[in-house]
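Chemist: Mind having a look at this structure? Questions to follow.
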Amino acid sequence: MFEALGDGELIDVISSAQRAEAQAASRRLTAIGVLVDRHADPGREDLRDRFAVDRWDEVAAQVAAAQGITHALASHQMRYAYVLRYRLRAISERFAAGDIVFRTVALIIARTELVEDDRVVAAVDAAIAEALPRWERWSVKRLTAALDALVYRHDRDAVGRAKTATDDRHLEIRPRDTGDPLAEVWGVLQTPHAVALNLRLNQLARTVCAADPRTHAQLRADTVGALTQCLDQMRCACGDPDCAGRAVVDCPVVVNMVVNQDTLDDTECCEPALVSGFGVVNSAQARQMAMQPGARVRSLIASEGVDGYRPTRALAAFVRCRDLMCRFPGCSHPADSAELDHSVPYADGGSTAVGNLKALCRKHHLLKTFCGWREIQEPDGTVVWKAPTGHAYVTTPAGGLLFGNLTRARTRTQDRQQRRRTERNLNRRERLRRDSARVAHAKADPPPF
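Given below as structure tokens:
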């Protein structure tokens, strides 16, 4: 499509596409702003604002589901939309025209959020809009400094605190992509903590005997295992049965890994595994972890349903491994710490079985229960959600991507037929609910004749 264009024409396409992208983002935030104003205006008090799931959460759930994003990101977009609608109207106009991109808008909102007086807000808004043509090609760092200087001239107490190096502290852990059963750890720590950690690693490394074959660097790396188990001594690898370091007893630390049996039995198998709270590991890493002392292999079987409300441990484990995350659209809350919800309520005859259970985080469990969201779960674990607005969203079990045997495969035709039946069942359930409400209203308030 673009191969025949010259370099100048390609640059023109890039520029026009960027403007169109900004205009589309403005249109999206404008729609979100109207939705917030209509259902969750912070300026209007409402009793629901004291609930665990308030009006803002209700709107955020719909915004998140519509875009397939997290609840937190949807909430951020709502805040941006509200600010553009009521505080930074001049910036909003420039954004709608495509003159500034979303990144710049987000930066302006962040650097002006401490301004409180409405007149000062209006003055800052107008001043920034007037200066934007001069700032159009500036770097983020330079633009931030200019915004802070402008805000300072209008309100000295409203300049955002400068970010310090301490604010960037972090600690990351991820598996190596080399195929080795190893992981990488890196980060930035506060100096006192880093010094203490360094000394503690050296102390633990010196608890093995002189015959231990590992280098000092390898010992320091292996001390993490002792740290995670709160041990004061490392297990020695010298091989001498009389060595005191051989008798170190490990403290139980449970690490759950989901893996196909073929991966453990066949060294040629390349199917990956999933470590809870960590991520995907390759087959070699999975086999190495399964051979660790104390490792236990348990079969994951879709057990039969139970008569009671609470699922058995085996049933709960299967559902969580199948779902991996909260099943609400866009949510990434781990299933390990989520609640198990009956798609058809247990009180209404719903079974406590694989086909009627799914993982939901507490927030989305409450939203489903109290805020008008409805859903139907299909036999393979697919969940069709219906929002209060009538929009339908489909989520599939994340575990099926890694472990296809956790979900039941079907043909495209079967999928389409099931989807049609599911949609009809949702509509029928809603129709019966409305009919029941009308009958109840008629009984409570009969006509005067």
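Just so it is clear: in the sequence shown, position 135 is 168 by this note's numbering, and no numbers are missing.
Here a beta-carbon is modelled for each residue, glycine too, at the ideal position from N, C-alpha and C.
Which of helix, strand or coil does DSSP assign to residue 407?
Modeler: DSSP places residue 407 in strand when its eight states are reduced to three.
Chemist: Under 7 Å, do residue 437 and residue 357 count as touching if we go by C-beta distance?
Modeler: Not closer than 7 Å, so no.
Chemist: Does the Cβ of residue 67 have 16 or more other Cβ atoms within 10 Å, making it buried, or fewer, making it exposed?
Modeler: exposed
Chemist: Flag this pair as yes or no: are the beta carbons of residue 88 and residue 73 separated by less than 7 Å?
Modeler: yes
Chemist: Going by DSSP in three states, residue 333 sits in which element: helix, strand or coil?
Modeler: coil
Chemist: Jot down the residue ranges of each uninterrupted beta strand (DSSP E) in the stretch 181 to 224, minimum 3 residues, whole runs only, in chain order.
Modeler: 203 to 208 and 216 to 221
Chemist: Distance check for residue 420 and residue 363, CA to CA, integer angstroms please.
Modeler: 14 Å
Chemist: Whose CA, out of 249, 99 and 325, lies closest to the CA of residue 236?
Modeler: 249
Chemist: Considering only the beta carbon of each residue, do residue 263 and residue 269 sit closer than 7 Å?
Modeler: No, they are not a contact pair.
Chemist: DSSP state of residue 169, grouped into three classes?
Modeler: coil
Chemist: Tell me the rounded alpha-carbon separation between residue 328 and residue 98.
Modeler: Separation of residue 328 and residue 98 (C-alpha to C-alpha, rounded to the nearest whole angstrom) is 39 Å.
Chemist: Below 8 Å, how does it come out for the stretch 456 to 476 and the stretch 393 to 405: are there three or more Cβ pairs, yes or no?
Modeler: no
Chemist: Inspect the CB distances between the stretch 300 to 309 and the stretch 330 to 347 and report whether three or more fall short of 8 Å.
Modeler: no
Chemist: State yes or no: is the C-beta of residue 293 within less than 7 Å of the C-beta of residue 304?
Modeler: yes
Chemist: Can you find at least 3 beta carbon pairs, one from the stretch 124 to 136 and one from the stretch 54 to 69, that sit closer than 8 Å?
Modeler: A contact exists between the stretch 124 to 136 and the stretch 54 to 69.
Chemist: Who are the Cβ neighbours of residue 279 in its own chain at under 6 Å, not counting the five residues just before and after it?
Modeler: 269, listed in sequence order.
Chemist: Identify which residue in 125, 427 and 193 has its Cα closest to the Cα of residue 361.
Modeler: 427
Chemist: Leaving out the 5 sequence neighbours to the left and right, which residues in its chain are closer than 6 Å to residue 482 when beta-carbon positions are compared?
Modeler: In this predicted model, residue 482 has a pLDDT of only 48, less than 50, meaning its place in the structure is not dependable; the value taken from the coordinates is given anyway. Closer than 6 Å at Cβ, skipping near neighbours: no residue.
Chemist: In terms of DSSP beta bridges, what is residue 418 paired with?
Modeler: 408 and 426
Chemist: How long is the line joining the alpha carbons of residue 110 and residue 231, rounded to whole angstroms?
Modeler: 42 Å
Chemist: In the structure shown, what three-state DSSP assignment does residue 290 receive?
Modeler: strand
Chemist: On the CB-based measure, 16 or more other CB atoms within 10 Å of its CB, does residue 406 come out buried or exposed?
Modeler: Result: buried.
Chemist: Can you tell me whether residue 430 is buried or exposed, with buried defined as 16 or more other CB within 10 angstroms of its CB?
Modeler: buried
Chemist: Just how far apart, CA to CA, sit residue 435 and residue 389?
Modeler: 22 Å
Chemist: Return yes when the Cβ of residue 349 is within less than 7 Å of the Cβ of residue 373, no when it is not.
Modeler: yes
Chemist: When you compare only the Cα positions, how much space is there between residue 190 and residue 182?
Modeler: Using only the alpha carbons, I get a separation of about 12 Å.
Chemist: Assuming contact is defined by CB atoms lying nearer than 7 Å, are residue 287 and residue 354 in contact in what I supplied?
Modeler: no
Chemist: Which residue marks the beginning of the beta strand (DSSP E) containing residue 312, and which one marks its end?
Modeler: 312 to 314
Chemist: Starting from the C-beta of residue 221, find all residues in its chain whose C-beta is less than 7 Å away, skip the five residues before and the five after it, and write them out in chain order.
Modeler: 201, 202 and 203
Chemist: Please classify residue 359 as buried or exposed, where buried requires at least 16 neighbouring CB atoms within 10 angstroms.
Modeler: That one is buried.
Chemist: Please classify residue 47 as buried or exposed, where buried requires at least 16 other C-beta atoms within 10 Å of its C-beta.
Modeler: exposed
Chemist: Please report how far the alpha carbon of residue 234 lies from the alpha carbon of residue 424, in whole angstroms.
Modeler: 55 Å
Chemist: Work out the CA separation of residue 147 and residue 228 for me, nearest whole Å.
Modeler: 37 Å
Chemist: Using a Cβ-Cβ cut-off of 6 Å (strictly less than) and excluding sequence neighbours within five positions of residue 95, which residues of its own chain qualify?
Modeler: Within the same chain, 420 come within 6 Å of residue 95 by CB-CB distance, once the 5 residues on both sides are set aside.
Chemist: With a 10 Å radius around its C-beta and 16 neighbouring C-beta atoms as the bar for buried, classify residue 476 as buried or exposed.
Modeler: exposed
Chemist: Could you have a look at residue 482 and say whether DSSP puts it in helix, strand or coil?
Modeler: Note that residue 482 has pLDDT 48, beneath the 50 cutoff, so the model's placement of it is unreliable and no number is given.
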